[in-house]
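Visitor: As given, the protein sequences belong to chains Y and V, one line each in that order.
End of the first sequence sits at 963 in the working numbering; the numbers just go up one at a time, nothing left out.
End of the second sequence sits at 675 in the working numbering; the numbers just go up one at a time, nothing left out.
Beta carbons are placed, not taken as given, at the ideal position from N, Cα and C, and that holds for glycine.
A quick note: this is a predicted structure, and the numbers were derived from the prediction, not measured.
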Amino acid sequence: MTTTESPLPVPAVALRSEEEIAARVKALEAIMIEKGIMTTEAVDRLAGIYENEVGPHLGAKVIAKAWTDPEFRERLLADGTAACEELGIGGMQGEDMTAVENTDTVHNVITCTLCSCYPWPVLGLPPNWYKAPAYRSRIVREPRKVLREDFGLDIPESVEIRVWDSSAELRYFVLPRRPEGTEDLPEDQLAELVTRDSMIGVGRPLHPGAA
Amino acid sequence: MSGREDIEQLLVQLPHQEEIRPEGGEVSFGTAWEIRAFALAVAAHQNGQYDWPDFQHALSTAIRTWEDAGTKEPWRYYDRWLEALESLLASTGTLDPSEVDDRAHVVLTTPRDASHHRARLEPVAVDAARV
C-alpha cells in the first residue's frame with residue numbers, strides 16, 4: 753500500500769463482544785496457518801514473549817494475599833470465584849474458579865483431560881504444553897513421574913499428589929505453599945515470587961532473591 | 545530467532561504508543577485475544593508477508609476511519625489492529641474477508657468444550673503418599 757487514502761476492503765463493523773472478537777482472532781489465526789502465512793510455532797513464540805503479562809500476575813496477587821491474610825485465605829478456599837472478585841478479578845473463562853491448597857502432605861496439580869479449560873482471569877493464557885495431549889493424559893496416569901521428569905519437580909514420596917480436572921463449569925488453580933524465609937516480605941514482594949507454574953502445580957514459587 | 549528487542553523496534557513505529565504501553569513504558573495487553581492478534585501481525589510480517597510500514601499504514605488508516613465515522617462505540621485499540629491486519633492481507637489478495645466471517649461463525653457456534661460441561665468436584669487422579 754503506497755497511497756494514503758486507499759480504500760480498505762474490510763467494512764467497518766459494529767463493536768463485537770469479547771467472545772465474538774476472540775472467536776474472530778481464532779478464526780483468522782487458523783486460516784493464516786492453513787494458508788502458510790506463518791507457522792503456529794512463530795505465533796506461539798511471539799505470544800509467549802508477552803503472555804506472562806496477562807493473567808499470572810493477577811493470580812499472583814490472589815496467592816500473596818492468601819499467604820498474608822488468613823481470613824482471605826479461608827474465603828478463597830471456600831469460594832474461589834467470590835474471593836477473586838473481591839480483588840476485581842473475574843470475567844470470561846473464570847466463571848467458577850476453585851483454589852486447591854498445597855500442604856505438607858498434599859500437592860495439587862491441575863489439568864484439563866478433554867481440552868484446555870483453564871482459569872484465564874488468574875493465570876492468563878494456557879501454555880502450549882498444557883493443551884498438549886501428552887500432558888493431559890500422562891499427568892493423570894503418572895503424575896509423580898511427569899512432575900519429576902517433565903518439570904523437574906520432585907514431590908517427596910510422603911506427599912500425596914492430587915490431580916484436578918478443570919472443565920468449562922469449574923476451573924481449578926493451585927494455592928502453593930509460602931516459601932520459607934518470607935515472613936517479613938510485604939504482599940507485593942510475595943506476589944513476585946508466585947509463578948504461573950506454581951499455580952498450575954508443576955512448579956514451586958521462587959525463593960526470595962531469585963525473583 | 546527474534547526476541548523482544550526486535551519486536552520493540554517494530555512497535556515503536558506504530559501510532560498510539562500510549563495504547564501499546566498503557567503503563568508508560570512496558571508493552572501491556574488486557575486480554576488473551578489481544579496478544580494473539582498482536583502476535584499474528586508480527587508473525588506474518590516476519591514471515592515476509594508484508595513490510596512493517598505497510599502494517600503501520602493499515603493501522604493508521606483503520607484508526608482514522610474509525611475516528612471519522614464518529615461512532616459511539618468504546619475505543620479499543622486492538623479492534624483497529626485486527627481490522628488493519630485483515631485489510632492488509634485482503635489488499636494483497638492473501639485473504640478473503642468473508643472467509644474469516646464464515647470461520648468465526650463456526651468457532652462461535654461450536655460449543656466450547658462440547659463434552660466437558662460438568663464440574664468435576666473430586667480429583668481425577670490421586671497418587672497416594674508411599675511413606
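Apart from the five residues just before and just after Ala-585 of chain V, which ones in its own chain have a Cβ nearer than 8 Å to its Cβ?
Guide: For Ala-585 of chain V, where only same-chain residues beyond five positions count, the Cβ hits under 8 Å are Phe-599, Trp-625, Ala-628 and Leu-629.
Visitor: Taking Pro-618 of chain V as the reference, give the member of Y:Arg-768, Y:Tyr-882 and Y:Asn-860 with the closest Cα.
Guide: Here the closest residue by C-alpha is Y:Arg-768.
Visitor: With Asn-880 of chain Y as the anchor, note down where its beta strand (DSSP E) starts and where it stops.
Guide: It is not in any beta strand (DSSP E) - Asn-880 of chain Y instead sits in the alpha helix (DSSP H) that spans 880-883.
Visitor: Please report the residue range of the beta strand (DSSP E) in which Val-861 of chain Y lies.
Guide: Note, Val-861 of chain Y: beta strand (DSSP E), 858-863.
Visitor: Kindly indicate the opening and closing residues of the alpha helix (DSSP H) around Ala-613 of chain V.
Guide: Where Ala-613 of chain V is concerned, the enclosing alpha helix (DSSP H) stretches over 596-613.
Visitor: Can you pull the chain V residues whose beta carbon is under 7 Å from the beta carbon of Asp-917 of chain Y, in chain order?
Guide: Correct list: Arg-664 and Val-668.
Visitor: Provide the residue(s) that pair with Tyr-887 of chain Y in DSSP beta bridges, ordered along the chain.
Guide: In the DSSP output, where bridge partners are listed per residue, Tyr-887 of chain Y has none listed.
Visitor: Does Asp-856 of chain Y pass the burial test, meaning 16 or more other C-beta atoms within 10 Å, or should it be called exposed?
Guide: Exposed is the call here.
Visitor: Tell me which residue opens and which closes the beta strand (DSSP E) that Val-915 of chain Y is part of.
Guide: Val-915 of chain Y -> beta strand (DSSP E) spans 912-917.
Visitor: Over what stretch of residues does the alpha helix (DSSP H) that includes Asp-902 of chain Y continue unbroken?
Guide: Note, Asp-902 of chain Y: alpha helix (DSSP H), 895-903.
Visitor: Is DSSP giving Glu-921 of chain Y helix, strand or coil here?
Guide: Looking at Glu-921 of chain Y - three-state DSSP - the assignment turns out to be coil, as it is neither helix nor strand.
Visitor: Are there 16 or more other CB atoms within 10 angstroms of the CB of Arg-674 of chain V, so buried, or fewer, so exposed?
Guide: The residue is exposed, with fewer than 16 neighbouring Cβ atoms inside 10 Å.
Visitor: Whether or not the segment 579-596 of chain V and the segment 782-798 of chain Y are in contact is what I'm after, with contact meaning three or more pairs of Cβ atoms, one per stretch, closer than 8 Å; do they touch?
Guide: The segment 782-798 of chain Y is in contact with the segment 579-596 of chain V.
Visitor: Any beta carbon of chain Y sitting closer than 7 Å to that of Gln-561 of chain V?
Guide: Output row for Gln-561 of chain V: interface = no.
Visitor: In the DSSP assignment, find the beta strand (DSSP E) that holds Ala-669 of chain V and state where it starts and stops.
Guide: That run of the beta strand (DSSP E) goes 669-671.
Visitor: According to DSSP, simplified to helix, strand and coil, what is Ala-663 of chain V?
Guide: The answer is coil: DSSP assigns Ala-663 of chain V none of H, G, I, E or B.
Visitor: Using the three-state DSSP reduction, which class does Glu-781 of chain Y fall into: helix, strand or coil?
Guide: Glu-781 of chain Y: helix per DSSP, three-state reduction.
Visitor: Roughly how many angstroms separate the alpha carbons of Ile-801 of chain Y and Phe-903 of chain Y, rounded to a whole number?
Guide: One C-alpha to the other measures close to 20 Å.
Visitor: Tell me which residue opens and which closes the alpha helix (DSSP H) that Met-790 of chain Y is part of.
Guide: Note, Met-790 of chain Y: premise wrong, no alpha helix (DSSP H); not H, not E.
Visitor: Hey, Gly-953 of chain Y and Val-874 of chain Y: beta-carbon distance below 7 Å or not?
Guide: Not closer than 7 Å, so no.
Visitor: Around the C-beta of Pro-957 of chain Y, are 16 or more other C-beta atoms found within 10 angstroms, so that it is buried, or is it exposed?
Guide: With 16 or more Cβ atoms within 10 Å of its Cβ, Pro-957 of chain Y is classed as buried.
Visitor: For Tyr-882 of chain Y and Ala-613 of chain V, I'd like the C-alpha separation in whole angstroms.
Guide: C-alpha separation (whole angstroms): 43 Å.
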